[in-house]
Structures are given as C-alpha cells and as structure tokens.
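Working notes, structure below.
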Ligand code: ADP
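In my numbering, the protein residues as written are 1 to 629.
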C-alpha cells in the first residue's frame with residue numbers, strides 16, 4: 001500500500017465545549033457510552049437493511065446482522081463493530097466532527113446554568129451519542145467502510161480538539177469503533193461488566209450483541225464461542241400482561257434518552273381490518289428536543305420487526321410530539337418507501353387510533369392519579385393546547401384535558417372546564433377567560449371587578465400560547481368562551497342607572513379628556529368598574545392588551561397599539577374631584593395632569609408599560625409637592 005495521506009482537522013467549537021462538559025458531568029453514568037455506541041451500530045444496521053429493500057446489491061451478501069464487542073486485554077481496547085451502513089470520508093467528517101443540531105447553543109447555555117448534579121439528565125436527553133466514548137477512552141479510532149464503497153476511512157481522535165483521517169482497507173462493510181480505555185476504566189474489558197451493561201441498557205436491541213467468550217472444553221482446552229448478550233425481546237410484540245414495569249422503564253429509557261420513568265404506558269394490539277401493535281409512553285417532563293426546538297414527531301415505525309423509520313410523522317399530530325414509542329404494523333408492504341408513507345390511508349387510520357388511545361390514557365390518569373396528571377399537564381399542556389387550533393375533530397377531547405387557574409382557585413391550584421361549567425351560577429351563560437403574563441397582574445385587572453361583584457369565575461390564562469389558541473375554542477359543552485376584558489358583565493340595574501344619570505353631567509369633561517389625551521377611541525363612563533377609578537377596554541374586534549404586548553415582543557406589531565376606550569368610574573372620588581375642577585373652570589390645567597394620571601393608571605393596571613414613565617413620575621411628584629405645601 002502506498003503511504004496514505006493523513007488529514008488533520010479540528011472539532012467545531014461547540015463540540016469541544018460539549019465534550020468537556022460531558023466528560024465531567026456524566027462521570028457517575030459513564031457506562032452509558034456502551035448504550036450509545038450500540039445504539040449507533042443498531043441504527044446503522046437498520047439503515048442498510050432499509051436501503052437494501054430497494055437495492056439489494058448494497059448488501060454484498062452480508063446480512064448476518066450483528067453487533068460485536070471485542071475486548072483486547074493486552075492492548076486495553078474495546079471495539080464495537082457492526083455490519084451496518086458505514087460512513088464515507090465526508091459522512092464521517094459531518095457526523096463525528098460537528099454537532100449539527102439545532103438548539104445546541106441554547107443547550108450549552110442551559111447546562112452552564114444547571115447544577116452539576118442535575119446535568120446528567122439534561123445531557124442524557126440531549127443524546128450524547130458517540131462522544132460519550134471519551135468518558136472512558138483517551139483515544140478513539142473509528143474504521144468505517146460505507147456500503148457500496150471500495151475503500152474505508154480511519155478516524156482517530158483524543159477528543160480534545162482535533163481528529164485525523166486517512167484512507168485504509170477494510171474487508172467488510174460497516175464500522176469498528178475502538179476505544180483505547182483509560183487506565184482506570186479497564187473494567188470495561190471484562191465480560192461480566194459488559195454483559196451487565198448490555199442487559200441494563202440495550203437488552204431490547206433487536207440485533208444480536210455478541211462477544212467471544214472462552215469455554216472450557218472437555219480436555220481442559222479452551223475454545224472461543226460467540227455469546228449473545230441481549231435477550232432481543234421486542235416488548236411491543238409481547239402481550240400487555242407479560243411486560244413488567246421495569247422492562248417498560250428500561251425500554252423507555254433506551255428510546256427516549258430520559259432517565260425518569262414514563263408517566264404513562266399505552267400498550268395495545270389492534271385487531272380486525274387493520275392489525276398493528278402500539279407501545280407508547282407519555283413522559284413526565286419535556287424532553288430536550290421539546291425544550292430546544294429540534295423536535296421529531298411520531299413514534300418509530302416497524303413493519304414486522306424491521307425498523308422503517310425512527311420517527312414516523314404520519315402517526316401522530318404535532319401537538320402530541322411529546323409521546324414516544326413504537327408502532328409495528330404487519331399490513332404495510334415491507335418495501336415501502338419513505339415517500340409512500342406520506343399520504344398513506346393505513347397510517348391515517350393508525351394515527352386516529354393512537355390519538356384516541358392517548359386521550360383515553362390521559363383522561364384515565366386525570367381521574368385515577370390527579371396529582372401525577374397535574375404535573376404532566378404543567379410540563380406538556382402548553383404543547384397539547386396547540387391541538388385546539390389544529391385538530392378540530394378532537395377539540396372537545398383536548399378541551400376536556402385542560403386545567404386552569406381561575407379567580408376562584410387558590411394560587412397554584414387548577415380546575416377543568418367541566419368543573420368551571422358545573423360551578424356556573426344560573427345567570428351566567430358564558431365561559432370567561434382572561435390572558436396575561438401572570439396571575440397577580442390578572443387578579444388586579446380592573447376589568448375583573450364586575451365579575452367578582454357578580455360572583456362569576458374567570459379562567460386566568462398565563463401561557464403565551466393561550467392568547468393564540470383560545471380564540472380557536474369558540475365553545476365548550478355548548479357554552480361560548482369569551483374574553484373577560486371585552487365582555488365584562490354590566491353592573492346591577494340600580495348601579496347602571498346611576499351611571500346613566502351621571503352621563504349628562506360628565507359629557508363636557510369626557511369630550512375634553514378625549515381631546516387632551518388623544519389617540520383614544522373614546523372616553524366614557526364605565527358600567528363595569530366597582531373599585532378602580534379607570535380602565536382601558538379594547539375596541540370591538542381589536543387586539544387585547546396582552547396579545548398586543550406579545551406581538552410587540554415578536555416584532556409583529558404593526559402601526560403601534562390599536563386605539564382603546566378609556567372608561568372612568570363616576571363613583572370614584574378621584575373622578576369626582578376631576579369633575580369638580582372642571583365645573584369650577586374648564587380651562588384649569590389640572591384637568592390635563594389629573595386626566596393623564598387616570599389614563600396612566602389604567603395602562604399600568606392592565607399590565608402594559610407607560611409610553612413615558614419619567615413624565616408619569618414628574619406629574620406624581622408635582623402632586624406630592626403640592627400636597628406638602
Ligand atoms: P446520533 O446518534 O444522536 O445522531 P452520534 O453522535 O451518536 O449522534 O452520531 C452521529 C452520527 O454519526 C449518527 O447520526 C450516524 O449518522 C453516524 N454514526 C455514528 N455511529 C455510526 C455507525 N456505527 N455506523 C454508521 N454511522 C454512524
């Protein structure tokens with residue numbers, strides 16, 4: 001062989017930082033490196049097996065799928081080999097030299113702010129993958145030959161900053177990952193240790209994970225035999241009662257990267273016109289991909305134990321993207337291409353069934369283990385709510401699962417829409433909600449005074465998504481849902497009468513204020529305020545204050561805020577004092593300063609920001625000074 005040229009390259013900077021954190025944070029979980037390498041090997045086998053369905057030549061007659069562990073005690077190396085799809089020169093640079101994930105930056109920032117003890121879970125969810133090898137090895141060599149290529153490539157790195165590449169020969173297709181174990185990690189050369197780690201983390205891997213072990217012959221001679229370390233039990237194919245909770249947990253960990261138990265297991269076999277097996281898990285928490293935006297939707301799809309795709313988007317709607325699992329369907333043709341999955345009526349039917357079962361499972365959890373449900377809902381409810389706008393057929397089912405704080409609930413306690421409706425007094429016909437940043441601001445919103453007075457409850461919605469999805473839920477159990485800030489109930493008849501009587505007297509002042517303040521749709525007396533002096537009401541059909549603030553944050557607010565209606569409470573002493581000043585002298589400069597202060601307090605109580613806070617402070621100080629004289 002001619003002298004090969006050795007290429008030297010550097011890791012991308014984010015990868016370097018990640019490597020550093022991984023090696024230092026995951027120390028107590030370091031055996032997961034084996035799970036990661038085996039899982040890559042298994043994926044590589046699934047890939048070539050899938051590709052060969054269309055192009056059998058790729059197999060080169062090598063279809064005895066196997067992942068092999070080889071421990072070399074003398075050299076201190078452990079090799080994980082597979083006869084999977086392999087990597088070409090360019091693929092190896094792309095795959096083992098960068099972390100090309102979205103959200104990696106945010107992930108790094110979060111990690112830096114996380115306590116060391118809590119890091120392993122985050123990293124586990126991120127999927128450390130191949131690089132976890134550097135927790136136990138000070139050098140890693142990868143030799144890989146891609147399907148259909150003549151030459152192999154050798155990648156070597158100490159995981160610090162650089163790697164080298166050269167072209168080499170390799171007899172068979174696939175990848176050998178060799179770890180030069182650190183002195184203190186030589187336990188990973190022992191058969192018993194490797195066997196235990198495989199059992200714990202990779203028992204359900206479908207392909208055999210084998211190792212040569214010595215066997216004592218009859219005449220004391222030792223022979224090597226190949227031993228399979230994993231049981232290869234496809235959990236989803238077994239009957240529901242046969243699978244223990246421990247097995248579910250182990251399998252769930254393997255497919256999700258989560259370190260916690262699943263919150264709920266959904267395991268069933270559909271029979272009849274369309275047969276399939278489903279094994280789904282609802283997690284307790286938001287996984288990495290859900291937090292940092294690289295979300296893959298849908299469970300794995302198998303056809304008769306052959307994995308077709310890691311995430312089949314056609315099997316679950318995006319708003320159920322937190323559900324992990326496997327669907328195995330024997331009715332689909334094995335040579336199905338990914339394109340053929342696009343609009344497949346069979347998959348649509350399976351999706352319907354999965355969605356129904358997920359709703360049932362969540363309902364069941366809500367009834368039988370409310371506290372667990374509440375904590376799952378707090379994590380994942382924001383995602384589930386997206387379905388209100390996207391899945392009209394299931395809108396009521398989704399609405400049934402939602403929980404809210406309300407004027408009547410204690411802080412941190414929630415109620416369902418059904419409970420809200422059941423508690424509605426007879427004179428209340430609609431369901432009211434109010435959106436805002438947090439409970440405290442909402443509780444003090446002047447527009448809610450009339451509701452308190454009436455004894456009508458209001459749902460307090462504080463997730464940004466609420467503002468967008470609630471308009472898509474027009475009714476629940478036949479009761480219309482309405483925004484409380486623009487649909488506040490009017491005061492009792494006798495209070496209203498007082499307001500009407502006052503209207504004539506106030507008219508000139510109101511007109512003057514509208515002119516002075518400018519930019520308002522109208523200034524009028526309020527039939528809703530009880531305690532506050534003033535409040536702002538959005539005009540019919542205009543955006544509410546909270547939505548407007550959200551749009552501003554998103555940079556989507558065009559042409560500034562929409563004109564509001566300023567409502568004054570004629571019973572309030574501050575408003576009455578203004579009326580007196582006006583009656584005394586309509587040109588009194590205090591009308592403008594006091595009027596502006598009333599407007600500013602309405603802006604503040606609705607949770608918005610003043611356009612000019614320093615002007616507000618100046619006017620307050622003027623009043624304070626006058627008061628002192
Ligand atoms: P992940 O497996 O989460 O994608 P890894 O860092 O473990 O991340 O691996 C990066 C990529 O390298 C994989 O997506 C795969 O394309 C490739 N790869 C890793 N190991 C192998 C292997 N044994 N055979 C073929 N490709 C592999």
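Backbone N, C-alpha and C define an ideal beta-carbon position, used for all residues, glycine too.
Item to check | Option nearest residue 356 by Cα separation, candidates 372, 202, 393, 371 | outcome: Nearest neighbour of residue 356 by Cα position, chosen from 372, 202, 393, 371, turns out to be 393.
Checklist entry - Does DSSP put residue 205 in a helix, a strand or coil? => result When DSSP states are grouped into helix, strand and coil, residue 205 belongs to the coil group.
Next on the checklist: Based on DSSP bridge pairs, tell me the residues matched to residue 479.
Outcome noted: Looking at the DSSP assignment, residue 479 forms a beta bridge with 476.
Item to check | Where residue 305 falls, given that 16 or more other Cβ within 10 Å makes a residue buried | outcome: When all chains shown are included, residue 305 counts as exposed.
Next on the checklist: Measuring straight from C-alpha to C-alpha, what distance separates residue 324 and residue 256?
Outcome noted: Residue 256 has its alpha-carbon roughly 7 Å from the corresponding atom of residue 324.
Checklist entry - Among 273, 351, 318, 290, which one has its Cα closest to the Cα of residue 301? => result Looking at the Cα atoms, 351 is the closest of the given residues.
Checklist entry - Is the closest heavy atom of the ligand ADP to the C-beta of residue 657 under 7 Å? => result Any answer about residue 657 is impossible in this case: the structure gives the chain only from 1 up to 629.
Checklist entry - Is there contact here, the region 213–223 with the region 59–73, by at least three beta-carbon pairs under 8 Å? => result No, the region 213–223 does not touch the region 59–73.
Next on the checklist: Within a Cβ cutoff of 7 Å, which residues of the same chain sit near residue 639, ignoring the five residues on either side of it in sequence?
Outcome noted: With the chain represented from 1 up to 629, any question about residue 639 goes unanswered, as that position is not in the structure.
Item to check | DSSP-derived helix/strand/coil call for residue 508 | outcome: Reduced to three states, the DSSP call for residue 508 is helix.
Next on the checklist: Am I right that residue 297 and residue 316 are in contact with their C-beta atoms under 8 Å? What's the rounded C-beta distance?
Outcome noted: Cβ-Cβ separation between residue 297 and residue 316: approximately 6 Å, consistent with a contact (criterion under 8 Å).
Item to check | 6 Å Cβ shell around residue 572 - same chain, five flanking residues per side excluded | outcome: These residues qualify, in order along the chain: 533.
Checklist entry - Is residue 33 helix, strand or coil by DSSP? => result Per DSSP, reduced to three states, the secondary structure at residue 33 is helical.
Checklist entry - CB residue 529 to CB residue 484, shorter than 8 Å? => result In this structure, residue 529 lies away from residue 484, with their beta-carbon atoms at least 8 Å apart.
Next on the checklist: Could you check whether the Cβ of residue 373 sits closer than 7 Å to any heavy atom belonging to the ligand ADP?
Outcome noted: No, since every heavy atom of the ligand ADP falls outside the 7 Å radius drawn around the Cβ of residue 373.
Item to check | Close-in-space but distant-in-sequence residues of the same chain around residue 538 (CB under 8 Å, 5 per side omitted) | outcome: The answer, listed in chain order, is 485, 486, 544, 545, 562, 564, 565.
Checklist entry - Leaving out five residues before and five after residue 85 in sequence, what residues of the same chain have Cβ atoms less than 6 Å from its Cβ? => result When the five nearest sequence neighbours on each side are left out, the beta carbons in the same chain lying within less than 6 Å of the beta carbon of residue 85 are those of 44, 47, 48, 147, in order along the chain.
Checklist entry - Which residue from 409, 434, 436, 435 puts its Cα closest to that of residue 630? => result The displayed coordinates of the chain run from 1 to 629. Any statement about residue 630 would go beyond what the structure contains.
Next on the checklist: If you reduce the DSSP assignment to three classes, tell me which class residue 245 lands in.
Outcome noted: Residue 245 carries a helical assignment under DSSP once its states are collapsed to helix, strand and coil.
Next on the checklist: Given 7 Å as the limit, tell me if residue 85 has its C-beta closer than that to any heavy atom belonging to the ligand ADP.
Outcome noted: For the ligand ADP, at least one heavy atom lies less than 7 Å from the Cβ of residue 85.
Checklist entry - Under the criterion of a Cβ to heavy atom distance below 7 Å, does residue 466 qualify as lining the ligand ADP? => result No, since every heavy atom of the ligand ADP falls outside the 7 Å radius drawn around the Cβ of residue 466.
Checklist entry - Under 8 Å, do residue 433 and residue 459 count as touching if we go by C-beta distance? => result Closer than 8 Å, so yes.
Checklist entry - Should the region 486–503 be regarded as contacting the region 584–597, the criterion being three or more beta carbon pairs within less than 8 Å? => result With a cut-off of 8 Å, the region 584–597 and the region 486–503 do not count as touching, because too few Cβ pairs lie within range.
Item to check | Buried or exposed (CB count within 10 angstroms, at least 16 for buried), residue 478 | outcome: Under this definition residue 478 is an exposed residue.
Checklist entry - Which value, in whole angstroms, describes the spacing of the CA atoms of residue 385 and residue 93? => result Looking at the two C-alpha atoms, the distance is approximately 40 Å.
Next on the checklist: Suppose you measure from the CA of residue 509 to the CA of residue 569; what does that come to, to the nearest Å?
Outcome noted: Between the C-alpha atoms of residue 509 and residue 569 there is a straight-line separation of about 13 Å.
Item to check | Own chain partners of residue 625 with C-beta closer than 8 Å, once the 5 adjacent residues on each side are dropped | outcome: Here the set comprises nothing.
Next on the checklist: I'd like the list of long-range same chain contacts for residue 466, defined as Cβ closer than 6 Å, with 5 residues on each side in sequence excluded.
Outcome noted: Counting only Cβ-Cβ distances below 6 Å, and skipping sequence neighbours, we find 435.
Checklist entry - How do the region 154–172 and the region 191–202 stand: do at least 3 beta-carbon pairs fall below 8 Å, yes or no? => result Below 8 Å, too few C-beta pairs join the region 154–172 and the region 191–202 to call them touching: fewer than three.
Next on the checklist: Pull the bridge partners of residue 380 from the DSSP assignment, please.
Outcome noted: Residue 380 is not bridged to any residue.
Item to check | Entirely enclosed alpha helix (DSSP H) segments - the region 226–305, minimum 4 residues | outcome: Residue ranges of uninterrupted alpha helix (DSSP H) with 4 or more members, entirely inside the region 226–305 and ordered along the chain, are 245–256, 288–292.
Item to check | Buried/exposed call for residue 40, threshold 16 Cβ in 10 Å | outcome: Buried, since its Cβ has 16 or more Cβ neighbours within 10 Å.
Checklist entry - Considering only the beta carbon of each residue, do residue 234 and residue 275 sit closer than 8 Å? => result No; because the gap between Cβ atoms is not below 8 Å, this pair is not in contact.
Item to check | residue 40 Cβ short of 7 Å to the ligand ADP heavy atom set | outcome: Annotation for residue 40 indicates a beta carbon within 7 Å of some heavy atom of the ligand ADP.
Item to check | Beta-carbon gap between residue 170 and residue 143 smaller than 8 Å | outcome: Contact flag set, yes.
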